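Report on one structure; see the data block that follows.
There are 4 protein chains.
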Amino acid sequence: MPNKTLNLNDIETFLRNFAAARDWQQFHSPKNLVMALSGEAGELSELFQWLSEDQSWLKDDTETKKKVANELADILQYIVRISDLLSIDLNDALWKKLRRNEEKYPVELSKGTAKKYTEF
Amino acid sequence: MPNKTLNLNDIETFLRNFAAARDWQQFHSPKNLVMALSGEAGELSELFQWLSEDQSWLKDDTETKKKVANELADILQYIVRISDLLSIDLNDALWKKLRRNEEKYPVELSKGTAKKYTEF
Amino acid sequence: MPNKTLNLNDIETFLRNFAAARDWQQFHSPKNLVMALSGEAGELSELFQWLSEDQSWLKDDTETKKKVANELADILQYIVRISDLLSIDLNDALWKKLRRNEEKYPVELSKGTAKKYTEF
Amino acid sequence: MPNKTLNLNDIETFLRNFAAARDWQQFHSPKNLVMALSGEAGELSELFQWLSEDQSWLKDDTETKKKVANELADILQYIVRISDLLSIDLNDALWKKLRRNEEKYPVELSKGTAKKYTEF
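Chains as they are written, first to last, in this note's numbering: chain V, 70 to 189; chain D, 70 to 189; chain L, 70 to 189; chain R, 70 to 189.
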């Protein structure tokens, strides 16, 4: 059974120690980390760019799935690192966002359409 | 005190219900969600593009910090959604990746340098 | 008839004057412009994220096509600006790249497959 | 002396023939090409992510400059390919955009500030 709770404290501590041991704090400005996240998002895109939507479910493609897991992990670590450095409460930000999406996309207006809320 | 455990079950369930209620599963192929994640990464970049590294710490800039929290939340929800749809164990992927980084970037080779491991 | 030659001199000159008149050279480090390009690439992604491949041909969707033209123009101006600031010969770089792609993707190995050249 | 006119006809023709010879038109939906462009923008980001703004001028770093030229070429070819497939007039789109930017960013409001026009 997968562990379904991400322990942000542990991840933050790991990343802090990892950077400190390598003297990498000098590179870890929020701006730089945001660029690094962009780079990883680009690598994720590359895994899917020539796949059809059907193929993108990666039914029997365990090799690509491993690579995807790897890229998601990369993006996630940058999210945690950035939020740590900027003292952003990730849980709070996430749930606020999800609640806001409920308001921005009321079921009756958004059912079956991919329109942006600004177009309602 | 911020809650430092992200409950992936709760987030996944919220996102599943959110999509189902709006009949949005039709849009949520992994490929499409990866593009949506790219879009959010782009919005995060825009918040930092004209800031110096110093400014990117957002010392007294609570307004930008809120926007950053918002974009990190957006990216995070897409990561959770994609990993849910592809049955990827995010915790496992993350910690595997972190352990691998320890091997790829040994302290003695990577100390004080931003070189990629392929250049060692 | 569309004009099929992009005059890089004119575009570079426009962009230089545009930045100079607004005292924006201070913001236009190559690093910052690369982030701005990422942001525009993200906006382009957003226009396509929920479209199927079929819909992405934008057959009768002149409104989205205008937005796409707009985003492509944004990305293009950043490419020209970055290459100007770094004294990169864009024509030369492009044709070198296209020739290299011919070598990396020989017809007999790449026919009908989206494999990357590293996987041949 | 670098050639300062990009011949879009020649580039489009090259790319059409390149795709046709490899039976790659099946992969070249606008949606897929937009993802590929995102991937290349991510690679460009990676080249700059750990550089300071000063270092990003690549003064004596011809090796990185070559890689940057290479990535700019990659992004450019996708822009040309997408505009070809969607019958977008790139020259027209670019100059319309540049003129619009003059209106959106009047010198007196934008001088010395990186604010977005929506914040004036």
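Yeah, the Cβ is synthetic: ideal placement off N, Cα and C, and Gly gets one too. Predicted, not measured: the structure shown is a model, and the values here were computed from it.
Limits of the beta strand (DSSP E) - the one that D:L77 falls within = For D:L77, there is no enclosing beta strand (DSSP E); the enclosing alpha helix (DSSP H) has its first and last residue at L77 to A90.
Buried versus exposed call for D:R150 [16 or more other C-beta atoms within 10 Å across all chains shown] = That one is buried.
CB contact below 8 Å: V:A183 versus chain L = Yes, its Cβ sits closer than 8 Å to a Cβ of chain L.
How many Å lie between D:L127 and V:L155 at the Cα?
-> The alpha-carbon separation between D:L127 and V:L155 amounts to approximately 8 Å.
In chain order, what residues of the same chain lie with their CB nearer than 8 Å to the CB of V:L102, ignoring the 5 residues before and after it?
-> Result list for V:L102: Y147, R150, I151 and L154, in chain order.
Express the C-alpha separation of V:P99 and V:N72 in angstroms, rounding to a whole number.
-> C-alpha separation (whole angstroms): 29 Å.
Going by the CB atoms, is the gap between L:N76 and R:T187 shorter than 8 Å?
-> For R:T187 and L:N76, no; Cβs fall outside 8 Å.
Taking only runs that begin and end inside the region 96-176 of chain L, name each unbroken alpha helix (DSSP H) of 4 or more residues, in chain order.
-> Runs found: 99-117, 131-154 and 159-173.
Return no unless some Cβ of chain D is closer than 8 Å to the Cβ of V:W119.
-> No, V:W119 lies away from the interface with chain D (no Cβ there is under 8 Å from its Cβ).
Check whether the Cβ of D:F189 lies closer than 8 Å to any Cβ atom in chain L.
-> D:F189 is outside the set of residues whose beta carbon lies under 8 Å from a beta carbon in chain L.
Do D:A142 and V:L163 come within 8 Å of each other at the CB atom, strictly closer than that value?
-> Going by C-beta atoms, V:L163 is nearer than 8 Å to D:A142.
Report the three-state DSSP secondary structure of L:T187 (helix, strand or coil).
-> Of the three classes helix, strand and coil, the one that applies to L:T187 here is helix, per DSSP.
Going by alpha carbons, who is nearest to L:M70 out of R:N160, R:K136 and R:M70?
-> Nearest of R:N160, R:K136 and R:M70 to L:M70, Cα basis: R:N160.
In whole angstroms, what is the alpha-carbon distance linking R:T82 and R:N170?
-> Roughly 31 Å separates the two Cα atoms.
L:V176 classed as buried or exposed, judged by whether at least 16 other C-beta atoms fall within 10 angstroms = Exposed, by the Cβ-count rule.
Taking Cβ positions, are L:M104 and D:S114 nearer each other than 8 Å?
-> For L:M104 and D:S114, yes; Cβs fall inside 8 Å.
Assuming L:W119 and V:A183 make a contact with CB atoms under 8 Å, what is their CB distance in whole Å?
-> Confirmed, about 4 Å.
To the nearest angstrom, how far is it from the Cα of D:L106 to the Cα of V:G111?
-> The alpha-carbon atoms of D:L106 and V:G111 are separated by roughly 10 Å.
What distance in whole Å lies between the Cβ atoms of V:A138 and D:I80, which are believed to be in contact at a cut-off of 8 Å?
-> Rounded, the Cβ-Cβ distance is 17 Å, inconsistent with contact.
Proximity test, Cβ basis, 8 Å: L:E122 and chain V = Yes, L:E122 counts as interfacial toward chain V.
If you check the beta carbons only, do R:L116 and R:T133 fall under 8 Å apart?
-> Contact: yes.
Cutoff 7 Å; reference L:E140; Cβ partners in own chain excluding five residues on either side = Short of 7 Å from the beta carbon of L:E140, and not among the five residues preceding or following it, lie these beta carbons of its own chain, in chain order: E109, E112, L113 and L116.
Within-8 Å CB hit, L:A210 to chain D = Here chain L has residues from 70 to 189 only, and residue 210 of chain L is not among them.
Rounded C-alpha distance that separates L:S125 from D:Q95 = Counting only the Cα atoms, D:Q95 lies some 16 Å from L:S125.
D:S152 at chain L interface by Cβ criterion, 8 Å | It does not; no Cβ of chain L falls within 8 Å.
Confirm, please, whether the CB-CB distance from R:R85 to L:Y174 is below 8 Å.
-> Not a contact, by the Cβ cut-off of 8 Å.
Say whether chain L places a C-beta atom closer than 8 Å to the C-beta of R:A138.
-> Yes - at least one Cβ of chain L is within 8 Å of the one on R:A138.
For the region 83-94 of chain R, which residues have a CB atom closer than 9 Å to at least one CB atom of chain L, in sequence order?
-> Of all residues in the region 83-94 of chain R, F83, L84, F87, A90, R91, D92 and W93 have a Cβ within less than 9 Å of some Cβ in chain L.
Quick one: which chain L residues come within Cβ less than 8 Å of R:D143?
-> Per Cβ cutoff of 8 Å: K166.
Hey, would you say D:E172 sits closer than 8 Å to R:S121, going by beta carbons?
-> Taking the C-beta atoms as reference points, R:S121 is found no nearer than 8 Å to D:E172.
Any C-beta of chain L sitting closer than 8 Å to the C-beta of R:T74?
-> Closer than 8 Å: yes.
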